[in-house]
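Data block below; observations after.
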Amino acid sequence: MCRTTNEKAVIDKVAVVIAAAGSGTRMGLDQNKIFAEIAGVPVLIRSVEAFEGLEFVEGIYLVAREDEKKSLASLVAQSELKKVKGIISGGETRQESVYNGLMALPKDTQWVFIHDAARPLVSRQILEDCFENLLRFGAVGVGVPVKDTIKVVKDGFIISTPDRSTLWAIQTPQAFSYSTILQAHQQARTQKQQYTDDCSLLEAFGHKVKMIAGSYQNIKITTPEDLILAESFLLGGEKQVRQLVGFGYDVHRLVPERKLILCGLEIDYDRGLAGHSDADVAVHALMDALLGAAGLGDIGQHFPDTDQKFKDISSMVLLERVVELLKIGKYQIINVDLTIVAEKPRLAPFIPEMKENLAKTLKIPMENINIKATTSEKLGFTGRGEGIASYAVANIRSQLPQRF
């Protein structure tokens, strides 16, 4: 973003540090809470997407636990987040993690937003207000006035009641001059002082911080109930969301001199499936399930076998086009379940790679993809080894109101 001065245009170098090195302890999860989903999208991704679309943000830097950096990188790649420039190892405390993130920023950074990954509902309005005030005051906190009367308690007894009109609950993002907040963090490290948020740290070293209004919906995901509340805020009520299910089925003959391809994976076998495309029977069933859930017909309508441009085409390419159709229609893929029926070859060893292929194309976590391989106990054409069949169920969500 550029600002005009009397002499020249000044380019504001704005970076974002997102603290994502927490855990799921209070959530009762066996994984970091940032991987939990709200309306089918991980908490972390929603937090990053809030900054991704801002013109004035040049780079986003995630601070993560060392053992989760690979998972985060995969999630970011699947979500096609172009502004994520780095994933940095966190520290023992939030303050140490933020410091690591600050140290990783380009040296010409002028301004920095610091945000908790566990606040996925921060609005564009808050971020734009924050930046506007940052340019004026150099340090900005976001928060909301407390609604409840606050008591100071010692040894189980109330000792005082602060004036509620002066009390605010702090949120993130918090935004600062990069050089100022970095220097404050370095001073805190030298003095071995710990602070619960970055505004407190800056205050301790004599800096003024401008407070602006956040939102009561900008909640921090801490408990399982927070996920339910966040989804309610996000979707704006049950009447505005539709959960849709589609079913797909396909079958192809096994013939010599053809490659056997299932879920985009070539499998070593003496025969392959006959078809106009690469005849990936599993992906064909999946595409029909997705199209069916969205009410968009079937693959025969979109990719007819009379069209030469689809001759021998990879079914994964066609699946990409189906995913794009759903995206255009404002549909979100939640999860899919496939069953592949084949007497031979044995498919179970290939399932992990199949799931990985589908996850990349569908842009959903592997945990939301299930693939089962079974036989028909030597009954019928599949039992005689004449072909392979596949069934698929797809669960999608539309955030557009239903029209009657």
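In numbering that gives the first Met the number 0, the protein residues as written are 0 to 403.
Glycine included, each C-beta is placed from N, C-alpha and C at the ideal position.
Keep in mind the model is a prediction, meaning the values are calculated, not measured.
Straight through space, the alpha carbons of residue 326 and residue 266 are spaced by roughly 31 Å. With respect to the 8 Å criterion, residue 32 and residue 39 are not classified as neighbours on the basis of their beta carbons. Contiguous alpha helix (DSSP H) elements confined to the region 304 to 374 occur at 314 to 327 and 350 to 361, taking only those with 4 or more residues. If only complete runs of 3 or more residues are kept, the region 62 to 102 shows the beta strand (DSSP E) at 83 to 88, in order along the chain.
Residue 58 and residue 156 have their C-alpha atoms some 48 Å from each other. Taking 8 Å as the upper bound for CB-CB distance, residue 120 and residue 218 are in contact here, some 7 Å apart.
Within the DSSP secondary-structure output, residue 296 pairs in no beta bridge. The C-beta distance from residue 170 to residue 143 rounds to 7 Å, short enough to fall under 8 Å. The Cβ atoms of residue 19 and residue 62 sit closer than 8 Å to each other.
It is roughly 20 Å from the alpha-carbon of residue 103 to the alpha-carbon of residue 43.
By the criterion of a C-beta distance shorter than 7 Å, residue 380 is surrounded in its chain by 386, once the five residues flanking it on both sides are discounted. A direct Cα-Cα distance of roughly 13 Å separates residue 371 from residue 342.
Contact check for residue 286 against residue 317 passes: the beta carbons are separated by less than 8 Å. Residue pairing by DSSP places residue 159 opposite 151 in a beta bridge. Contact between the region 303 to 312 and the region 256 to 265 is not established, with fewer than three Cβ pairs separated by less than 8 Å.
Going by beta carbons, residue 183 and residue 201 fall inside the 8 Å limit.
In this structure, DSSP gives residue 130 a helical state, which the three-state scheme calls helix. For residue 246, the enclosing beta strand (DSSP E) stretches over residues 241 to 254.
Collapsing the DSSP output to three states places residue 216 in coil. Per DSSP, the unbroken alpha helix (DSSP H) holding residue 202 starts and ends at 197 to 203. In the three-state DSSP reduction, residue 57 falls in the strand class (E or B).
Non-local beta-carbon contacts of residue 226 in its own chain, meaning distances under 7 Å to residues more than five positions away in sequence, involve 35, 37 and 220 in chain order. Short of 7 Å from the beta carbon of residue 204, and not among the five residues preceding or following it, lie these beta carbons of its own chain, in chain order: 183 and 186. Annotated three-state conformation of residue 115 is strand, per DSSP. Shown here for residue 251: same chain residues with a beta carbon closer than 7 Å to its own, the five before and five after excluded, namely 272, 273, 274, 278, 280, 386 and 387 in chain order.
Put simply, of 69, 65 and 253 the residue whose alpha carbon is nearest the alpha carbon of residue 340 is 253. If you draw a 10 Å sphere on the C-beta of residue 395, you find 16 or more other C-beta atoms in it, and that means buried. Residue 192 carries a coil assignment under DSSP once its states are collapsed to helix, strand and coil. The shortest C-alpha to C-alpha distance from residue 82 to any of 150, 100 and 48 is the one to 48. When C-alpha distances from residue 233 are compared across 15, 12, 14 and 46, the shortest belongs to 46. In the three-state reduction of the DSSP assignment, residue 121 falls in the coil class, being assigned neither a helical nor a strand state.
Here residue 335 is near residue 393, since their CB atoms are less than 8 Å apart. Closest by C-alpha distance to residue 390, out of 88, 196, 268 and 249, is 249. Taking a C-beta distance under 8 Å as the contact criterion, residue 60 and residue 90 do not qualify as a contact pair. Judged by DSSP secondary structure, residue 396 falls within the beta strand (DSSP E) whose first and last residues are 386 to 397. Boundaries of the alpha helix (DSSP H) around residue 42: 42 to 51.
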